[in-house]
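Numbering (the numbering used here), first residue to last: 172 to 266.
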């Protein structure tokens, strides 16, 4: 359930910056309210972006089994920039 919430919120956040190559979770708080149901139950995750800063986005998410609220979460995500093709990382140790 936590992974499902994480992905739903990250996708909601990325929808505010389609140029971002991804988003990483900076912080996430989850409240589990009820069991998700029996094996084979259909659960749905909903993510919403509530505020965007320059490089961060703040999101909320919930997981439902029908009308039953199973879990809620709040998360902060950092946008990742796209790298230029062929650009190499510098692995030189710093003193």
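Positions of the beta carbon are idealized from the N, C-alpha and C atoms, including for glycine.
DSSP three-state label for residue 177, please. Of the three classes helix, strand and coil, the one that applies to residue 177 here is helix, per DSSP.
With DSSP as the reference, identify every bridge partner of residue 227, one or two as the case may be. In the DSSP output, where bridge partners are listed per residue, residue 227 has 249.
Residue 216 in three-state terms, based on DSSP: In the displayed model, residue 216 falls within a strand according to three-state DSSP.
Distance, Cα to Cα, residue 193 vs residue 228? C-alpha separation (whole angstroms): 12 Å.
Rank 224, 239, 214, 226 by C-alpha distance to the C-alpha of residue 174 and give the top, closest one. Residue 174 has its Cα closest to that of 214, out of 224, 239, 214, 226.
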